[in-house]
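Numbering (this note's numbering), first residue to last: 2 to 223.
Written below as structure tokens is the structure these notes are about.
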């Protein structure tokens, strides 16, 4: 079985699927930006129980690598790597913005914009869908203030939490959009090869807030 999960956003989303077809047999999504560490392991256990599976039945793990806040990404990627090592199975990483783009049913090019906090968005641009539903990333991922990329995203349907938070700045009319990546779509995309796979390493687009201290200043008189 294929276990897929993403913790790059405010949502903790988990799915269990057939590793060949991507047919989902169990899934759940909970939106709570402050409890990734508390929610992920029980959600995985619940999906396995619902499907009547054991961890030993897993043959592959798919995990969203962001971009996203450090804490959420760390929870998901550490869990994926630990399980992969313990079970001796492959861990496939996928850009979380690619997952959101794959969720769109529009036969058009689309943009994805998620909440990067600090009044910024993570964003990327995608081509229209191919016959198999895959989308080619044309630009990004990057992180910017919404106003700085409004002209780049202009005229495109925008998917993701950023489209809700900054609809006015981005010139969007509002309406229902997929705000968070779906583990079901992640599972289907990895199983069918319609989502590009990368190493399970966190995709951070910002420099760390903490910097190395410089050399100590001399207190001796010059």
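Every residue, glycine too, gets a C-beta built ideally from N, C-alpha and C.
The three-state secondary structure of residue 161, taken from DSSP, is coil.
For residue 120, the CB contacts under 7 Å within the same chain, skipping 5 residues up- and downstream, are 146 in chain order. Assignment of alpha helix (DSSP H) within the stretch 84-147, counting only whole runs of 4 or more residues, yields 97-104 in chain order. Under the three-pair Cβ rule at 8 Å, the stretch 3-12 counts as touching the stretch 65-81. Rounded to the nearest whole angstrom, the CA to CA distance from residue 190 to residue 103 is 8 Å.
In the DSSP assignment, residue 27 falls within the beta strand (DSSP E) that extends over 25-32. DSSP places residue 190 in the uninterrupted alpha helix (DSSP H) bounded by 184-193. Counting along the chain, residue 48 sits inside the alpha helix (DSSP H) bounded by residues 37-52.
Taking a contact to require three or more Cβ pairs closer than 8 Å, the stretch 168-179 and the stretch 32-52 do not qualify as touching. When beta bridges are read from the DSSP output, residue 65 appears opposite 95. If you check the CB distance, residue 61 and residue 91 come in under 7 Å.
Per DSSP, reduced to three states, the secondary structure at residue 181 is coil, with no helix or strand assignment. Boundaries cannot be given for residue 155, as no beta strand (DSSP E) includes it and DSSP labels it neither H nor E.
Judged by DSSP secondary structure, residue 15 falls within the beta strand (DSSP E) whose first and last residues are 12-18.
Within the model, the alpha-carbon separation for residue 154 versus residue 142 is close to 13 Å.
Sorting 18, 24, 25, 29 by C-alpha distance to the C-alpha of residue 12 places 29 at the top. In summary, residue 199 is exposed, with fewer than 16 beta-carbon neighbours lying within 10 Å of its beta-carbon over all protein chains present. Going by DSSP, residue 171 is part of the alpha helix (DSSP H) stretching over 168-171. Distances from the CA of residue 105 to each of 170, 136, 95 were compared; the closest alpha carbon is that of 136. Looking at the backbone, the Cα of residue 161 and that of residue 122 are separated by about 10 Å. In this structure, 167 is the residue among 167, 88, 94 with its C-alpha nearest to the C-alpha of residue 116.
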